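Read the structure below first, then the notes.
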Amino acid sequence: MPADLVQTFRAFAYNNAWANHRLLTACAQLSAEEFAADRTGFFPSLQKTLNHIYIIDLFYVDALEGGWLGPMAWQNQVPFPRLPDLAKAQSAMDRRLIGFCETLTPARLDDTVRINRETRVQNERCDRLLLHLFQHDIHHRGQAHAMLAATSVKPPQLDEFFPADDASLRTKDFAELGFSEEKVWRS
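Just so we're aligned, residue 21 is where the sequence shown starts under the numbering used here, counting upward by one.
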């Protein structure tokens, strides 16, 4: 039986957390100086790019949860200069996003989410906002992946979406995250 949209969005949330975990774990092999070093990218360092992912996750997850944080989310462009602190915060944010997606229903995907843009209120359907958030994170993880490739650390594979045949390759990561194939793919 084909997956329903709720299951698909839930799988996207788990995949997002898994990709963040893999990328941040790889970056943990860098020195603090290498992590903060200037590199080519829209946010010109791994530190700034990965903090940007966290900040925008905070902005949108807060809105999805009914919060009103708005632009205050990015008042500090690098809230976590140290990678261990960023990894802990990103993991907690990923858990919030998974928690939100765990509560989705088909009707809730059609709900309007109100987003505080300071000078206006943006109204978006929940499903569209989630797709935007996942695309945003994929885009900037790709930039960070390219930056990491310019270091001595091999970037992790991030370009596959949980193929069934690769489940054994995810076992260690899933154990570290407390995930299981059953949890991700349950109907």
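Think of the CB as a built atom: it goes at the ideal place given N, C-alpha and C, for glycine as much as any other residue. All values reported here derive from a predicted model rather than from experimental measurement.
Cβ-based burial, residue i [other Cβ within 10 Å; buried from 16]
i	result
threonine 45	exposed
valine 81	buried
threonine 107	What sits at residue 107 in the sequence shown is alanine, not threonine. Under this definition alanine 107 is a buried residue.
alanine 37	buried
serine 65	buried
methionine 113	buried
aspartate 157	buried
lysine 68	buried
methionine 21	Reliability fails at methionine 21, whose pLDDT of 39 lies under 50, so the model's placement of it is uncertain and the value that follows must be treated cautiously. Result: exposed.
aspartate 185	exposed
leucine 189	exposed
phenylalanine 181	exposed
alanine 52	exposed
alanine 195	exposed
aspartate 105	exposed
Of the listed residues the options, nearest to residue i (C-alpha basis)
i	options	result
lysine 174	Ile158, Ala57, Cys47	Cys47
serine 172	Thr69, Gln49, Ala107, Leu129	Gln49
serine 111	Val133, Ile75, Glu202	Ile75
leucine 153	Leu84, Val141, Phe182, Glu54	Leu84
alanine 93	Gly87, Phe79, Asp105	Phe79
leucine 103	Leu150, Asp77, Asn71	Asn71
threonine 97	Pro176, Trp88, Phe63, Pro183	The sequence given here places glutamine at residue 97; threonine does not occur at that position. Of the candidates Pro176, Trp88, Phe63, Pro183, the one whose C-alpha sits nearest the C-alpha of glutamine 97 is Phe63.
glutamate 138	Gly90, Glu54, Thr132	Gly90
aspartate 179	Lys203, Asn35, Ile73	Asn35
arginine 140	Phe182, Gln177, Trp88, Met167	Trp88
Beta bridge counterpart(s) of residue i as assigned by DSSP
i	result
asparagine 210	This structure gives no information on residue 210, because the portion of the chain shown stretches from 21 to 207.
Supposed contact pair residue j and residue i - C-beta distance, whole angstroms, cut 8 Å
i	j	result
leucine 129	leucine 25	6 Å
valine 133	cysteine 146	5 Å
serine 207	glutamine 27	6 Å
alanine 170	leucine 117	At roughly 29 Å, the Cβ-Cβ gap does not stay under 8 Å, so alanine 170 and leucine 117 are not in contact.
arginine 30	leucine 168	Wrong, their Cβ atoms sit about 28 Å apart, outside the cutoff.
Is the number of C-beta pairs between the segment 24–42 and the segment 113–124 that are closer than 8 Å three or more? yes
Do the segment 51–63 and the segment 159–166 touch if we need at least three Cβ pairs shorter than 8 Å? yes
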